[in-house]
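Using our numbering, you'd call the opening residue of the sequence shown number 2 and step up by one each time.
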Amino acid sequence: MSTPAHFDVIILGAGASGLYCAMHAAMRGLRVAIIDHADKPGRKVRVSGGGKCNFTNLDVTPANYLCANPHFVKSALARHSPWDVITFFTEHGVTFEEREHGQLFTLKGAGHLAGILVDRCHKLGVDMLLGRTIEAVDGPGPFRVNTGGEIFKADALVIALGGPSWPQVGATDLGFRLAGQFGLPLVRPKPGLVPLVFARDERELCESLAGNALDVTIECNGARFTDALLFTHKGISGPATLQISSHWREGDPVIIDFLPRMSVADLVEANRTSTMQLRTLLSQELPKRLPSAILSESLAATEVSQLSKRQIEVAANRVHRFSVTPASTEGYAKAEVTVGGVDTSCISSKTFACTTVPGLHVIGETLDVTGHLGGYNLHWAFASAVACAEGL
Ligand code: FDA
2 MSTPAHFDVI ILGAGASGLY CAMHAAMRGL RVAIIDHADK PGRKVRVSGG
52 GKCNFTNLDV TPANYLCANP HFVKSALARH SPWDVITFFT EHGVTFEERE
102 HGQLFTLKGA GHLAGILVDR CHKLGVDMLL GRTIEAVDGP GPFRVNTGGE
152 IFKADALVIA LGGPSWPQVG ATDLGFRLAG QFGLPLVRPK PGLVPLVFAR
202 DERELCESLA GNALDVTIEC NGARFTDALL FTHKGISGPA TLQISSHWRE
252 GDPVIIDFLP RMSVADLVEA NRTSTMQLRT LLSQELPKRL PSAILSESLA
302 ATEVSQLSKR QIEVAANRVH RFSVTPASTE GYAKAEVTVG GVDTSCISSK
352 TFACTTVPGL HVIGETLDVT GHLGGYNLHW AFASAVACAE GL
């Protein structure tokens, strides 16, 4: 069958949001084409969740998202719940397990889940135009997508091109560039859910602890998470760090409580007559080398029975309010998401239509909407895709 040149809708990007949107638009009887430069659709989905794809979360609320307008996500999330996502995927053979914090992971793998989306699109007659370089886009009236010799036209255009994080699976900033071409403002993009890198002065601290993991509470710019932190040779990683990284901006300090479930003062009090060194006492609760790394040598070596009130305060402050100003993040190459993106002030939260360019829509990660770690980003990709498809 030859590909018709004119569609009701062209979706740019065959990732999570693009495939889900194509499927729902085709279910409504629309002629849909989806264009991607990758030969294989859904590449980021296939690597998600360590290959197990954390495809949604049992507890999805607007508070799980960063967006310049925190109200923007409400409508789409209310219309497509975790149970809608679960129902769709389980009806098509996905089995899953619940892990901590309500995270749902597939049992048959991320590739299986991505395959379901692709298969549904094929069965619903979506034209999958893969391995195409998008050279130029113009419109509206109609929109025209030039893929190097071939021109595809449509009355509606959906930008579902994700963000530039994890370029190793084909991610680019084309969505942002196209948005700019159509005059849409951007909230400055930056890497999110990404390890943090310490400045040279603090390298010794993380190098001595590299490989150690512990549960912490971590804070920055009013956001606060309790989860595992992992020291790396360059700085810190692990779920707690990834979460806080989305809230971190250059120059901001990050405050870490290394012992969130116990107070240093209480621990000292309970061992008040002990002759052991403070570092020995603390290392019963913390990774062995951590007390020496964050306390001065004289304080770490003081016998617990000899600690003054002031010394206990200093030790408690170092353990519970450890402040570090990361130099940078590990960048887009290691970032699970892009924070920022197309400013939602010019997008309808009901239909994802652009209010300034008739027929243009933006969904998924290209928008200035970033979920916490835990299945929230794929859930957003799906929820925004459905709302958009229903409004086409
Ligand atoms: P997505 O990136 O899925 O799709 C964009 C599409 O546009 C891609 O197919 C790409 O090839 C195409 N494209 C880009 N540039 C193009 C160009 N110039 N020309 C043509 N096509 C182009 N989230 C979650 O909820 N649970 C999880 O377990 C994980 N795990 C995870 C692991 C890793 C390693 C990463 C990098 C990310 C995650 N995420 C995640 C995040 C999640 O994968 C991400 O938020 C969604 O895939 C975003 O969906 P989109 O459809 O917006 O973009």
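Note that beta-carbon positions come from the ideal geometry of N, C-alpha and C, so glycine has one too. Note that the structure is a prediction, hence the values are computed from the model and not measured.
Helix, strand or coil at residue i according to DSSP, with G and I counted as helix
i	result
glycine 16	coil
valine 358	coil
arginine 250	coil
glutamate 203	helix
valine 61	coil
glycine 94	coil
aspartate 344	coil
proline 168	helix
proline 224	Contrary to the premise, residue 224 reads as alanine rather than proline in this sequence. Of the three classes helix, strand and coil, the one that applies to alanine 224 here is strand, per DSSP.
serine 309	coil
asparagine 318	helix
histidine 7	strand
proline 192	strand
leucine 374	coil
alanine 34	strand
serine 385	helix
methionine 2	Its pLDDT being 42, under 50, methionine 2 is placed unreliably in this model, and the value from its coordinates should be taken loosely. Coil at methionine 2, not helix or strand.
histidine 72	coil
alanine 302	coil
Proximity test, residue i beta-carbon vs the ligand FDA heavy atom, cut-off 7 Å
i	result
valine 127	no
threonine 173	yes
tyrosine 377	yes
serine 49	yes
lysine 45	yes
leucine 67	no
threonine 330	no
leucine 162	yes
glycine 372	yes
glutamate 337	yes
asparagine 147	no
glutamate 366	yes
proline 42	yes
tryptophan 167	yes
serine 306	no
aspartate 37	yes
Whole-angstrom distance between residue j and residue i, CA atom to CA atom
i	j	result
methionine 28	glutamine 182	31 Å
leucine 374	glycine 332	17 Å
proline 5	phenylalanine 144	Summary for proline 5: the model assigns pLDDT 48, below 50, so the residue's position carries little reliability; its value from the coordinates is reported in the next sentence. Cα to Cα, proline 5 sits roughly 15 Å from phenylalanine 144.
methionine 2	phenylalanine 8	Because methionine 2 sits at a pLDDT of 42, beneath the cut-off of 50, its placement in the model cannot be relied upon, and the following sentence gives the value as read from the coordinates. One C-alpha to the other measures close to 15 Å.
glycine 252	arginine 201	15 Å
glycine 342	serine 324	29 Å
glutamate 220	alanine 137	43 Å
glutamate 98	glutamine 278	45 Å
serine 247	leucine 194	6 Å
serine 346	glycine 365	15 Å
glycine 176	leucine 287	45 Å
lysine 310	glutamate 304	13 Å
leucine 187	aspartate 369	8 Å
leucine 379	glycine 19	12 Å
leucine 396	lysine 154	With the chain covering 2 to 393 only, the question about residue 396 has no answer from this structure.
valine 33	arginine 250	40 Å
valine 320	cysteine 389	48 Å
Decide yes or no for the touch test of the stretch 154-170 against the stretch 67-85: beta carbon pairs closer than 8 Å, at least 3 of them. In short, these stretches do not touch, since the Cβ pair count stays below three.
May I ask you to verify whether the stretch 94-107 touches the stretch 54-64, counting CB pairs closer than 8 Å and requiring at least 3? Yes, the stretch 94-107 touches the stretch 54-64.
Taking contact to mean at least 3 C-beta pairs separated by less than 8 Å, is the stretch 15-31 in contact with the stretch 121-131? The stretch 15-31 is in contact with the stretch 121-131.
Those runs of the alpha helix (DSSP H) which lie wholly inside the stretch 232-299 and span at least 4 residues: Runs found: 239-246, 265-271, 279-283 and 291-295.
Cβ contact (3+ pairs, closer than 8 Å) linking the stretch 335-354 and the stretch 255-266: In short, these stretches do not touch, since the Cβ pair count stays below three.
Would you call the stretch 232-247 and the stretch 198-212 in contact, with 3 or more CB pairs under 8 Å? Between the stretch 232-247 and the stretch 198-212 there are three or more C-beta pairs closer than 8 Å, enough to call the two in contact.
I'd like to know if the stretch 114-123 and the stretch 40-54 are in contact, where contact means that at least 3 CB-CB pairs between them fall below 8 Å. In this structure the stretch 114-123 touches the stretch 40-54; the number of beta carbon pairs closer than 8 Å is three or more.
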